[in-house]
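Shown next, in C-alpha cells, is the structure this report addresses.
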Amino acid sequence: MKVYNAQLIKTVYDIEDLPPADKKEIAFAGRSNVGKSSFLNAVLGIKIAKVSSTPGKTRSINYYLVNNKYYFVDLPGYGFANVSKQEKERWNILMNEYFKNRFSLNAVSLLIDHRHMPQKLDYTMVEWLKDLGIPFFFILTKSDKLKKSEKAKLFGEIKNSFSSYGEYIYLPFSSKTKEGLKEVSKTIGDILGE
Ligand code: GTP
Ligand code: MG
C-alpha cells in the first residue's frame, strides 16, 4: 500500500481512551528498543513517531491515522529491564485488554532484532497472539547491522525457532537503508485488503 498521509491522532494510556473501533487496524509490537517507532516512520514516510536510543521510549498505545482510512498502532515495548513491577503490571493489563477486545485489529506485526535470537518474552508474545487467534507476521529489524552471511544464517535460525508455532511471514528490514520496505508495504496492504 502507498501512504498518502499519516497523523498521530491519539496517545492512549488507559484502555477506556481507545478511539472507536471503526477502522481496520494493524499494530506493531516488540521488545523495547527493537526499532518499532523507527519502523513506523519508515513505513509512513515521515518522522512522526519518537525514536530514542534509550529503551522504553514508547509507553503509550499510539494511534496513527493513515490515508484517513486505517489505524497503525505503535504499541509500548516489552522486556525493558529498568521498569518497575508496577509499570510491568500496567503494561500487562493494557495489552491484555487491547488484544482481547480490539475486534477491529486485523493483524499484529511482531518486530524481532535480526541480530539476535528471540528471547523468552518474544515467544510469550507469539503464544499470546496465537491463543487469541490474532494473525501475525515477523519483521526482522536492524538488518543493516548484519553481514550478508550472518543475515542468512540468523534468518534461518530465527525462523526455525518459531517453526513449532506455525508457518509465518518473515521480512528482513532496515529503517536506515529502507531494505524490505517494499515487501513490508505490500504485506500490510494485503492484510488491510488494499
Ligand atoms: P521503545 O519505544 O523504547 O520501545 O523503542 P522502539 O522499539 O520504538 O525503538 P526506536 O525506533 O526508538 O529505536 C531504538 C534505537 O534503534 C534508536 O537508536 C534507533 O535509531 C535504532 N534503530 C532502529 N531501527 C534501526 C535500523 O533499522 N537500523 C539501525 N542501524 N538502527 C536502528
Ligand atoms: Mg518506540
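Residues 1 to 194 in UniProt numbering are what the sequence shown spells out, letter by letter.
Idealized CB from N, CA, C, for every residue including glycine.
(request) Measure the Cβ-Cβ separation of K23 and Y70 and say whether it is below 7 Å. (result) Position 23 of the sequence shown holds residue 23. Position 70 of the sequence shown holds residue 70. Going by C-beta atoms, K23 is nearer than 7 Å to Y70.
(message) Assuming the contact rule is C-beta atoms closer than 8 Å, Y165 and V126 should be a hit. Round their C-beta distance to whole Å, please.
(response) As a first step, residue 165 must be located in the sequence shown, where it is residue number 165. As a first step, residue 126 must be located in the sequence shown, where it is residue number 126. Between V126 and Y165 the Cβ distance is about 5 Å, and since that is below 8 Å, they are a contact.
(message) Taking its Cβ as the centre, do 16 or more other Cβ atoms sit within 10 Å of P76, making it buried, or is it exposed?
(response) Here the question's residue 76 lines up with position 76 in the sequence shown. By the 10 Å Cβ count, P76 comes out buried.
(message) Between T11 and the ligand GTP, is there a pair consisting of the residue's CB and a ligand heavy atom that are separated by less than 6 Å?
(response) Indexing the sequence shown from 1 puts residue 11 at position 11. Checking the Cβ of T11 against the ligand GTP gives no.
(message) Please tell me whether residue 196 and H116 are closer than 7 Å, where the distance is taken between their beta carbons.
(response) Look at the range of the chain in this structure, 1 to 194, and you will see that residue 196 is not part of it.
(message) Run through the DSSP bridge pairs and tell me what Y78 is partnered with.
(response) Sequence index remark: in the sequence shown, residue 78 carries index 78 (1-based). In DSSP, Y78 forms a bridge with R31.
(request) Sort out for me which residues DSSP pairs N62 with in a bridge. (result) The residue labelled residue 62 in the question sits at position 62 within the sequence shown. Beta-bridge pairing links N62 to T11, D74.
(message) Given a cut-off of 7 Å on the beta-carbon distance, is the pair I26 and N106 in contact?
(response) The residue given as residue 26 occupies position 26 in the sequence shown. The residue given as residue 106 occupies position 106 in the sequence shown. Yes, Cβ-Cβ distance for I26 and N106 is below 7 Å.
(message) Would L132 and F99 qualify as a contact pair, given that the criterion is a beta-carbon distance under 7 Å?
(response) As a first step, residue 132 must be located in the sequence shown, where it is residue number 132. As a first step, residue 99 must be located in the sequence shown, where it is residue number 99. L132 places its beta carbon less than 7 Å from that of F99.
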